[in-house]
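Quick notes on the structure that follows.
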Amino acid sequence: MKLFKILIFGVLLVSLLFPQNIGFANEKERAGEVEIIRDEYGVPHIYAQNKLDLYEAYGYVMAKDRLFQLEMFRRANEGTASEILGEKFITRDEQSRRDASNDEEIGDMLDRLSKNDKELINKFAEGMSLYVEEALKDPDNKITKEFHDYGFLPQKWDATDIIRVYMATLSFFMDSHQELTNAEILKSLESEYGKEQAAKMFDDLVWLDDPEAPITVESNDGKDGKTSSNAEQHLSLAVVDSAKQVREDRENFISLTEELGLPLKIGSNTVVVGPDKSKTGNALLFSGPQVGFIAPGYLYEVGLHSPEINIEGSGFIGFPFIMFGSTDKFSFSSTAGYGNIVDIFEEKLHPDDPTKYFHNNEWKNMDKRTETIKVRQENGEMREIKKDFYKTVHGPVISLDIENNIAYSKAWAFRNTEVESMAAYMKMNWAKNIEDFKQAASGFSMSINWYYADTAGDIGYIHLGRIPERNKKIDQRLPTPGTGEYDWTGFQPFEKNPQMINPSSGYIANWNNKPTAGWSNGENNFVWGKDNRVQQYINGLESKDKLTLEDINDINYAASFAQLRSHYFKPLLIKTLESHSRNNKDYTYLIEELKKWNNLEEDKDKDGYYDAGIATFFTEWWKITHENLFDEKLGEMWDLTKPITDQKMGATLAYKVLNKEETNYNWITDDVEQLMLDGVEEVLLKLQSEKGMEVEKWRSPIRTMTFGSTSLIGVPHSYGSDRPIIEMNRGSENHYLEMKPEGPEGFNVTPPGQIGYIQKDGTIDQHYEDQISLYENWEFKKFLFNKNDIEQAAVSSKTLKLNTKEKTVSFTDVSKEHSNYSAIEYLSNKNIFKGYNNNEFRPEKLVTRSQAAIIITRALNLNLEDGISFEDVASTQSPYIEAVRKAGIMNGYSATRFGPNDQLTRGQMALILSRAFKLEKTAKVVFSDITKDKDEEKYDAIQSLGSLNISLGYLDGTFRSSKPLTRGQASELLFRTMKLKGSN
Numbered sequence: 001m002k003l004f005k006i007l008i009f010g011v012l013l014v015s016l017l018f019p020q021n022i023g024f025a026n027e028k029e030r031a032g033e034v035e036i037i038r039d040e041y042g043v044p045h046i047y048a049q050n051k052l053d054l055y056e057a058y059g060y061v062m063a064k065d066r067l068f069q070l071e072m073f074r075r076a077n078e079g080t081a082s083e084i085l086g087e088k089f090i091t092r093d094e095q096s097r098r099d100a101s102n103d104e105e106i107g108d109m110l111d112r113l114s115k116n117d118k119e120l121i122n123k124f125a126e127g128m129s130l131y132v133e134e135a136l137k138d139p140d141n142k143i144t145k146e147f148h149d150y151g152f153l154p155q156k157w158d159a160t161d162i163i164r165v166y167m168a169t170l171s172f173f174m175d176s177h178q179e180l181t182n183a184e185i186l187k188s189l190e191s192e193y194g195k196e197q198a199a200k201m202f203d204d205l206v207w208l209d210d211p212e213a214p215i216t217v218e219s220n221d222g223k224d225g226k227t228s229s230n231a232e233q234h235l236s237l238a239v240v241d242s243a244k245q246v247r248e249d250r251e252n253f254i255s256l257t258e259e260l261g262l263p264l265k266i267g268s269n270t271v272v273v274g275p276d277k278s279k280t281g282n283a284l285l286f287s288g289p290q291v292g293f294i295a296p297g298y299l300y301e302v303g304l305h306s307p308e309i310n311i312e313g314s315g316f317i318g319f320p321f322i323m324f325g326s327t328d329k330f331s332f333s334s335t336a337g338y339g340n341i342v343d344i345f346e347e348k349l350h351p352d353d354p355t356k357y358f359h360n361n362e363w364k365n366m367d368k369r370t371e372t373i374k375v376r377q378e379n380g381e382m383r384e385i386k387k388d389f390y391k392t393v394h395g396p397v398i399s400l401d402i403e404n405n406i407a408y409s410k411a412w413a414f415r416n417t418e419v420e421s422m423a424a425y426m427k428m429n430w431a432k433n434i435e436d437f438k439q440a441a442s443g444f445s446m447s448i449n450w451y452y453a454d455t456a457g458d459i460g461y462i463h464l465g466r467i468p469e470r471n472k473k474i475d476q477r478l479p480t481p482g483t484g485e486y487d488w489t490g491f492q493p494f495e496k497n498p499q500m501i502n503p504s505s506g507y508i509a510n511w512n513n514k515p516t517a518g519w520s521n522g523e524n525n526f527v528w529g530k531d532n533r534v535q536q537y538i539n540g541l542e543s544k545d546k547l548t549l550e551d552i553n554d555i556n557y558a559a560s561f562a563q564l565r566s567h568y569f570k571p572l573l574i575k576t577l578e579s580h581s582r583n584n585k586d587y588t589y590l591i592e593e594l595k596k597w598n599n600l601e602e603d604k605d606k607d608g609y610y611d612a613g614i615a616t617f618f619t620e621w622w623k624i625t626h627e628n629l630f631d632e633k634l635g636e637m638w639d640l641t642k643p644i645t646d647q648k649m650g651a652t653l654a655y656k657v658l659n660k661e662e663t664n665y666n667w668i669t670d671d672v673e674q675l676m677l678d679g680v681e682e683v684l685l686k687l688q689s690e691k692g693m694e695v696e697k698w699r700s701p702i703r704t705m706t707f708g709s710t711s712l713i714g715v716p717h718s719y720g721s722d723r724p725i726i727e728m729n730r731g732s733e734n735h736y737l738e739m740k741p742e743g744p745e746g747f748n749v750t751p752p753g754q755i756g757y758i759q760k761d762g763t764i765d766q767h768y769e770d771q772i773s774l775y776e777n778w779e780f781k782k783f784l785f786n787k788n789d790i791e792q793a794a795v796s797s798k799t800l801k802l803n804t805k806e807k808t809v810s811f812t813d814v815s816k817e818h819s820n821y822s823a824i825e826y827l828s829n830k831n832i833f834k835g836y837n838n839n840e841f842r843p844e845k846l847v848t849r850s851q852a853a854i855i856i857t858r859a860l861n862l863n864l865e866d867g868i869s870f871e872d873v874a875s876t877q878s879p880y881i882e883a884v885r886k887a888g889i890m891n892g893y894s895a896t897r898f899g900p901n902d903q904l905t906r907g908q909m910a911l912i913l914s915r916a917f918k919l920e921k922t923a924k925v926v927f928s929d930i931t932k933d934k935d936e937e938k939y940d941a942i943q944s945l946g947s948l949n950i951s952l953g954y955l956d957g958t959f960r961s962s963k964p965l966t967r968g969q970a971s972e973l974l975f976r977t978m979k980l981k982g983s984n
């Protein structure tokens, strides 16, 4: 093993660059210069004088390197892929839109962030837009080939785009409909075997808890583990049909990704070693996020350096933070947590109106919205389809069975907190110590494991996620009744999540396994069993007293090529063969070969065949034995149960049956050993007849993989790479770090390459796939952190001049000549008054009282307030209305009524501005229709606006206080007020 290698289009463009009736605001430029050093693998290391410049440059280089990938990620996550890719992606778009938050909800979440977090996200988006502007001016050289081929152009980015990409991507990783599949399995078992036997079989297949499952957090808990449930819920007759429909939608998505070259396999592994088990006495960290093999890669590597922060590593494309890497004080990583944070609720529908559902003893209307999806036709024309989406109190409706008056909705424990989770990751990047790290972790609501190792020798693990408090009478493996009495009652406090600092074992190992004893994974508990792939790492770590980074790399190599069934099933097979080998020479020979075999499917001599012929025998034996074990009882539902009995984490039930351990159901009445021997005989006959008697001749061709063109979220994002390499069960990137007192030192590889740019003529960038060879040969590049090392490895250095203007958001319905143009541009730049999804502002649309509360809250940067004082206010409006109410700026009509959707009048706006900005009149202004005796406070407010030249009224001398206010007029009044008061 080597550790280092020294290693239509023109018209569209014109219209986008020079749109009619659109101008750009002339704001004062801010000078900023950023140094971008590229190393020999094209990785950018960014040096800025301040954090705002740093994050703008971060967005700029990411867009420069991965522009088409970013655009397609945005489209996949907002549900507009079929606008470019056509009919095949309609279902994908529908699912994205069904599950997505709308722009208003995202805006509300964004408003809850701290000023610092908002600034960094906005600057990251501005940096992306900066490169888009640059590329549009030189499309032949700066817009990658895919745009030319598909016939469309990149769009600018804003904070909402960044947040949507983050939310939708991680929501996809967290998603699960397994309750419905489990219900379909149980219902099918009941039909064939009766309820009593079906319950036993189901408890074996989808157990409640396996106390023998390997765990990450040390525990002395001697719990035996529950083997069956006493839940009260009953399965409806509709569950099978609904489960099939949801499963088919999911399978169609999976088949689409596989058809386009992407096996849908998600996982990750991490090892952290403390000083007592480290040969150097320094903490060590290894990371292996498994997010697919695609080109360009799912991960983006970068170095960020300013007076406030020094950090290097990689994160998901489009994310404004690093997920796997190191600061000068600590290194960090993450793996998927597989926590139970998503539930499926079964809704009871009204027999006469399927859009009503029964909840808390009353019939409620589902929320309905209609979306228009543009679909590109083969001739290039667009057609529009309309799709209705429904939502209950639990979440979006994923299945509607009108015939049986049943619907299924999906509830996420993290919904409406995703942006806080995004901010938590950003805060983690800025942490100074393990306490800061834990504090950041407490704000993360999705299910992920975080890992920590610092220069002082501390190591740590935290299982993140917002875990619902569920009714004890519910079987978490199945859909929950949605009638109200079984709803979540709250969430477990963060302190209850499994976590540990400096374990006595001296190490932390995880491959998406069980966090700690007794911790439930609900409907997916079957992935946490005795036979679990993490044992590959545990065995390797336990085999040495002291470890180096090279040792950990050897362990990772073995885990990446391991035949995962070998850990438990090979000793079992050898034991069985030994008990029957007295009169069988073949068995004696097999025993010798199995004992010599290192359990790996590797090809060290690179002849295109696995090195060990016995590996072929064992793999074939497992397939046949597993099928023979379960086919008779589960044959009719094989497609449902095989992903459980033979899944990527392990095959616990099969092992318990073959090892003659106690199970709830008697799966085999024949001799278990004979069943295993039958498999041996069948494989021997096949291999000996087809390949010969010598085990050496049984060697099989290696399975290969390529870096495909389609991401985990199911859309093409480039053209991939057609270079095949041997298949590995390995992280999409690997980095190995030793945390020395002076900072991190180590090596890494992030295939296929850093830069996804393809020239218009098809020429790929030199760094498009230059790390594939490293990855294939288990070679690495140096993890560059210190500037001296970076400069020595530098191939280029560029100064990026950020002639940063206030972000310009131009609207198609607001020309430069529009009377309110400057006001609208100014307020939209400040994210105070936002436009609509189709890039319209709609200046003539009337303003409502709730909208006024929102823009004033944003303009004054008021803290959002909890609670609802008014009965007619929606939960999304309440934080803003409560903020202005508490600030004394706006009041309701009564103690219970605010009138959020009532039109805002000019007089009301005058009063709001006067209170908000404490305006005082400087002289008396006469408006013929305004007198003091009608409303003294409003009279004084209108006088203030008039005397300060904020509003001079109409030409006929009137103010027209009761006239409704348009969005354009409201923008103008607020803009003039803010400028007068010197607001920035």
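Residues 1 to 984 (the numbering used here) make up the sequence shown, in order.
Note that beta-carbon positions come from the ideal geometry of N, C-alpha and C, so glycine has one too.
Burial is judged here by how many other beta carbons sit within 10 angstroms of a residue's own beta carbon; Glu346 has at least 16 and is buried. DSSP places Thr799 in the uninterrupted beta strand (DSSP E) bounded by 794-801. Taking every protein chain shown into account, the CB of Met167 has 16 or more other CB atoms within 10 angstroms, so this residue is buried.
Contact annotation: Glu381 and Thr372 have beta-carbon atoms that are not nearer than 7 angstroms. By the C-beta density criterion, Tyr836 is exposed, having fewer than 16 other C-beta atoms within 10 angstroms. Using a Cβ distance threshold of 7 angstroms, Lys801 and Glu33 count as a contacting pair. Within the model, the alpha-carbon separation for Gln49 versus Glu71 is close to 29 angstroms. Under DSSP, Ser869 takes part in no beta bridge, so it has no partner. Rounded to whole angstroms, Lys816 and Ala823 show a C-alpha spacing of 11 angstroms.
If you look at Phe927, you'll find it isn't in any alpha helix (DSSP H); DSSP assigns it neither H nor E. Between Asp204 and Thr663, the gap from beta carbon to beta carbon is short of 7 angstroms. In the DSSP assignment, Asp487 falls outside any beta strand (DSSP E), carrying neither H nor E. Per the coordinates, the alpha-carbon of Gly907 lies some 21 angstroms from the alpha-carbon of Ile832.
For the pair Phe927 and Tyr826, the CB atoms are not nearer than the 7 angstroms cut-off. Where Pro320 is concerned, there is no enclosing beta strand (DSSP E), because DSSP gives it neither an H nor an E.
Taken through DSSP and simplified to helix, strand or coil, Ala853 comes out as helix.
A straight line joining the alpha-carbon of Ala440 with that of Lys606 spans about 46 angstroms. Residue environment analysis places Thr169 among the buried positions, since at least 16 neighbouring C-beta atoms fall within 10 angstroms of its C-beta. For Arg730, there is no enclosing beta strand (DSSP E), as DSSP marks it with neither H nor E.
Per the C-alpha coordinates, the member of Ile309, Lys64, Phe152, Arg369 positioned closest to Asp99 is Arg369. Taking the Cα of Val393 as reference, the smallest distance to any Cα among Ile402, Trp363, Thr417 is reached at Trp363. When the Cα atoms are used, Phe617 and Leu687 turn out to be separated by approximately 8 angstroms.
Less than 7 angstroms divides the Cβ of Leu189 from the Cβ of Ala198. For the stretch 66-90, the full-length alpha helix (DSSP H) segments reaching 4 residues or more read 82-85 along the chain. Taking Gly753 as reference, the option from Lys740, Glu745, Ser732 with the minimal CA-CA separation is Ser732. DSSP lists no beta-bridge partner residue for Trp698. It is roughly 14 angstroms from the alpha-carbon of Ile702 to the alpha-carbon of Ser560. Around the beta carbon of Tyr736, 16 or more other beta carbons lie within 10 angstroms, which makes this residue buried. Bridge pairing for Met705: Ile725 [DSSP].
Counting C-beta pairs with one atom in each stretch, the stretch 441-449 and the stretch 470-486 have fewer than three that are closer than 8 angstroms, which means they do not touch. Here DSSP, grouped into helix, strand and coil, assigns His394 to coil.
Per the coordinates, the alpha-carbon of Val61 lies some 15 angstroms from the alpha-carbon of Lys51.
In terms of CA proximity to Leu913, Leu860 leads the group Leu860, Glu865, Ile868.
Assignment of Lys834 by DSSP, reduced to helix, strand and coil, places it in the coil class. Counting only the Cα atoms, Ala411 lies some 41 angstroms from Ala135. Fewer than three Cβ pairs drawn from the stretch 598-612 and the stretch 652-670 lie within less than 8 angstroms of each other, which leaves the two stretches out of contact.
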